[in-house]
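K.L.:
In this note's numbering, the protein residues as written are 3 to 107. The C-beta atom is built at its ideal place from N, Cα and C for all residues, glycine as well. Before I ask anything, here is the structure I am working with.
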């Protein structure tokens, strides 16, 4: 009996609708109201970091975060860039509205 195995490229297991709510608690830090991110915010950063398994995952998460950062006018670019380090959860890509997410390996 022969077995047929088909290998396919894995697809992302999440969407931007999964990423954005994880960062909602970070708005007060990202807008400069709070000087440090809350534990809830950092928990969200940790969850987003956990989503970034494949290159496609990292690119998707990057584009989602970038999209949110450009749509909310009160967000400060410097706070966006510093969020992963402030939460002690460095992401596998920089967060910046000018970063090319498609360049992520």
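So, are the CB atoms of residue 25 and residue 45 less than 8 angstroms apart?
P.N.:
Not a contact, by the Cβ cut-off of 8 angstroms.
K.L.:
Output needed for residue 66: all residues of its chain with C-beta closer than 7 angstroms, excluding positions within five of it in sequence on either side, in chain order.
P.N.:
18, 21, 22
K.L.:
For residue 64, tell me which candidate among 35, 78, 96 has the shortest Cα-Cα distance.
P.N.:
Per the Cα distances, 96.
K.L.:
When you compare only the Cα positions, how much space is there between residue 41 and residue 91?
P.N.:
Going from the Cα of residue 41 to the Cα of residue 91 covers about 12 angstroms.
K.L.:
Among the residues of its own chain, which have a CB less than 8 angstroms from the CB of residue 59, if the five just before and after it don't count?
P.N.:
14, 15, 16, 53
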